[in-house]
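Residue numbers (my numbering), protein chains in the order written: chain P, 184 to 351; chain G, 716 to 846. All C-beta atoms in this analysis are idealised placements derived from N, C-alpha and C, irrespective of residue type, glycine included. All figures in this text were calculated on a predicted structure; none of them were measured in a lab.
And the structure:
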């Protein structure tokens, strides 16, 4: 009889802790799925590209499919114009990425020696080169964006950037 | 007599399933770090594992059966953890190949720690509270 009471008490304890554990697993699973959505469905798509003097303005569209409040902490890429390397550029501003789409504008001032290599003379700007119709530039970007999850500063992931654009 | 036995086995199976849920929860919490609401900095899973073994022995009260029950409980907890880790695969958010590799990695590490710890916990309980 005493053993049966002991078993009943143990069962009661295990029911309480087991139910609490199942509840915690369930809530952890929800967050885990949101993190999986944020990581696997996030894209950095180049939607606009314009040239002002020797500055290139790139607009990336980030889509946050999760319900988490993400933060874009870094965008870094190598840039090529007509297959010629024109430098490595980055943007280190913290930009919140709420649920949905967010357009991020990045202004990149090209290094003069690369501009010269691209347009063929030192007194022509990129803008005048493109507007004069003397030639089109096929741009290619390869790099990554770093996105921070709302679980502490070491929880982040990378989004691959691999985009092309033609200025004509 | 037979119905009574079936009831006893069902009770035991339910008990072991719940203990395995407790163990899986703490191990998932340890692996998921800040995603889980459980404390991440202190690995509480390493304390909970022997306690789960002790809980199994105190319920079964037979060393040999407690050993088998502990092995079953750990296996269930490992399966639950593997399924949890592979969860994004079932929603097409992760490739099955990657999900399986991740789940296997986490579960093998879990098994290496959890099996000796729970069996140890059960045997310590058997020593302290003999049959």
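- Interface residue (Cβ-Cβ distance to chain G less than 9 Å): residue 204 of chain P is classified as such.
- Look at residue 286 of chain P here: in three-state DSSP terms it is strand.
- Here residue 783 of chain G is exposed, its C-beta having fewer than 16 other C-beta atoms within 10 Å.
- If you ignore the 5 residues before and after residue 774 of chain G, its C-beta comes within less than 6 Å of the C-beta of 730, all in its own chain and listed in chain order.
- Here residue 781 of chain G is buried, its C-beta having at least 16 other C-beta atoms within 10 Å.
- With contacts defined as CB atoms closer than 9 Å, residue 832 of chain G and residue 818 of chain G fail to qualify as a contacting pair.
- Per DSSP, residue 281 of chain P is not a residue of any alpha helix (DSSP H), being assigned neither H nor E.
- Across the region 203 to 235 of chain P, CB contacts with chain G closer than 7 Å involve 204, 205, 207, 208, 210, 211, 212, 214, 215, 216, 218, 219, 220 and 223, in sequence order along the chain.
- Apart from the 5 residues on each side of it in sequence, residue 259 of chain P sits with its Cβ closer than 6 Å to the Cβ of 273 and 326 in its chain, given in chain order.
- For residue 321 of chain P against residue 265 of chain P, the beta-carbon gap comes to about 6 Å, under 8 Å, which counts as contact.
- If you check the CB distance, residue 227 of chain P and residue 248 of chain P do not come in under 9 Å.
- In the three-state scheme derived from DSSP, where H, G and I count as helix and E and B as strand, residue 842 of chain G is classed as helix.
- According to the DSSP assignment, residue 229 of chain P belongs to the beta strand (DSSP E) that extends over 227 to 235.
- Shown here is that no member of the region 243 to 259 of chain P has a Cβ falling below 7 Å from a Cβ of chain G.
- For the pair residue 808 of chain G and residue 219 of chain P, the CB atoms are nearer than the 9 Å cut-off.
- Listed in chain order, the positions of the region 737 to 762 of chain G with a beta carbon within less than 8 Å of a beta carbon of chain P are 737, 739, 740, 741, 743, 744, 747, 748, 749, 750, 751, 752 and 753.
- Taking the C-beta atoms as reference points, residue 739 of chain G is found nearer than 9 Å to residue 793 of chain G.
- Residue pairing from DSSP leaves residue 825 of chain G without any beta-bridge partner.
- Taking a Cβ-Cβ cut-off of 8 Å, the neighbours of residue 803 of chain G in chain P comprise 215, 216, 219 and 223, given in sequence order.
- Taking a beta-carbon distance threshold of 9 Å, residue 820 of chain G does not count as an interface residue toward chain P.
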